[in-house]
Amino acid sequence: MLGQVHDHIVRELGESSRTDTIFVLTAIVFNLIVLAVNSGISTAAIAEETSAAHDPISTATYDVMLVVFIIMTIVLNVVAVAALVLGRRNRRTLLGGLVAMYRDNDVDRYYDPSLMSNYGVRYLLFGGVIATLGLTAIIVPLIIRLS
Numbered sequence: 001m002l003g004q005v006h007d008h009i010v011r012e013l014g015e016s017s018r019t020d021t022i023f024v025l026t027a028i029v030f031n032l033i034v035l036a037v038n039s040g041i042s043t044a045a046i047a048e049e050t051s052a053a054h055d056p057i058s059t060a061t062y063d064v065m066l067v068v069f070i071i072m073t074i075v076l077n078v079v080a081v082a083a084l085v086l087g088r089r090n091r092r093t094l095l096g097g098l099v100a101m102y103r104d105n106d107v108d109r110y111y112d113p114s115l116m117s118n119y120g121v122r123y124l125l126f127g128g129v130i131a132t133l134g135l136t137a138i139i140v141p142l143i144i145r146l147s
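Going by the numbering used here, the sequence shown opens with residue 1, and the numbers climb by one from there.
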């Protein structure tokens, strides 16, 4: 029975890692795409404003699109970071159970406890990457638009 519990915890850890990877990659790809799209929208809005046939409705449309993408960027990044926080908590709980199982069976000396804190640092770094790219995807197009 102990072997089955161990296998279940290890499977859950693997599933948690895959889920975290999906959230991180989705946020990174989304932020890079939105950075490009919003930069293009901002450039097009400026070109529209400076053209001889300036249409205020077209400029407003560009601005609305920019705001929509900014809101989507904020929402997606908040969801991704929240998922990472939950993933970190799940990993800590699962690893705590695994270490307790190892301790009960006197094999805990083979598991380095510093791994627990290393996982925490890794989650903070992932969150930092997501937040930095999210802010970049918002700020750079706004700088272009407002210049």
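Note that CB positions come from ideal geometry on N, CA and C, so glycine has one too. As the structure is a computational prediction, the values presented were derived from the model and not from experiment.
Asked	Found
Assigned exposure category for GLY96 - 16 Cβ within 10 Å defines buried	exposed
Local conformation of LEU81 per DSSP, three classes	In the sequence under discussion, the amino acid at residue 81 is Val, which differs from the Leu named in the question. The answer is helix: DSSP assigns VAL81 an H, G or I state.
Start-to-end residues for the alpha helix (DSSP H) that takes in ALA36	2-50
Span of the alpha helix (DSSP H) around ALA53	No alpha helix (DSSP H) contains ALA53, which DSSP labels as neither H nor E.
Any 3 or more C-beta pairs closer than 8 Å across the region 36-51 and the region 100-110	no
Pick from THR26, SER17, ASP63 that is closest to VAL148, judged by C-alpha positions	This structure does not reach residue 148, given that the chain is present from 1 up to 147, and the question cannot be answered.
Beta-carbon proximity check, VAL29 vs MET72, cutoff 9 Å	no
Local Cβ density within 10 Å of ASP112, reported as buried at 16 or more and exposed below that	exposed
N- and C-terminal bounds of the alpha helix (DSSP H) containing TYR119	114-146
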